[in-house]
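Numbering (the UniProt record's numbering), first residue to last: 1 to 162.
No residue lacks a Cβ here, since even glycine has one placed at the ideal position from N, Cα and C.
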């Protein structure tokens with residue numbers, strides 16, 4: 001499933017995906033680029049492109065797993081998109097790579113659908129934004145915090161639910 005890092009919400013509450021490509025080792029193009037550099041794509045932390053991450057971009061030779069690399073695994077070359085903005089564009093939703101990866105790891109399959117669903121239910125954009133933050137926070141809590149506390153206390157999931 002494609003996870004956009006940016007969404008524009010129009011006045012009729014329809015949405016425009018601003019960026020369909022996430023630069024990580026799940027992306028077939030990035031996976032292939034890393035393989036051509038003689039790098040195991042699974043050894044590169046996400047994202048595989050970064051503008052200001054000096055240590056990941058410039059000190060990669062110091063990492064043992066990149067000894068045979070033919071080039072830098074993390075590059076700063078951006079994707080460029082050209083979209084025409086008109087008066088119907090009202091709001092912008094941007095997700096950092098960390099938030100996006102966390103949502104993917106928590107099982108959020110379609111961020112656009114979740115935003116669209118909240119827009120249908122909520123009265124205002126503010127309540128939509130708060131509802132999304134709450135919903136994504138709950139998913140994170142269920143995926144990480146509760147599982148960690150259950151394993152910490154030695155309770156099996158079936159016992160914790162009963």
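- Under the three-state reduction of DSSP output, residue 135 falls in the helix class.
- Here DSSP, grouped into helix, strand and coil, assigns residue 21 to coil.
- From the listed residues 140, 121, 40, 71, the smallest Cα separation to residue 99 is found for 140.
- DSSP, reduced to helix, strand and coil, places residue 90 within a strand of the structure shown.
- Between the alpha carbons of residue 118 and residue 109 lies a gap of roughly 15 Å.
- Annotation for residue 51: 76, 78 place their beta carbon closer than 8 Å to its own, counting only its chain and skipping 5 residues before and after.
- Residue 128 is classed as buried because its beta carbon has at least 16 other beta carbons within 10 Å across all chains shown.
- From the listed residues 8, 24, 13, 85, the smallest Cα separation to residue 97 is found for 24.
- Between the alpha carbons of residue 42 and residue 64 lies a distance of about 14 Å.
- Leaving aside the five residues that flank residue 39 on each side, the residues in its chain whose CB is nearer than 7 Å to its CB run, in chain order, 66, 69, 73.
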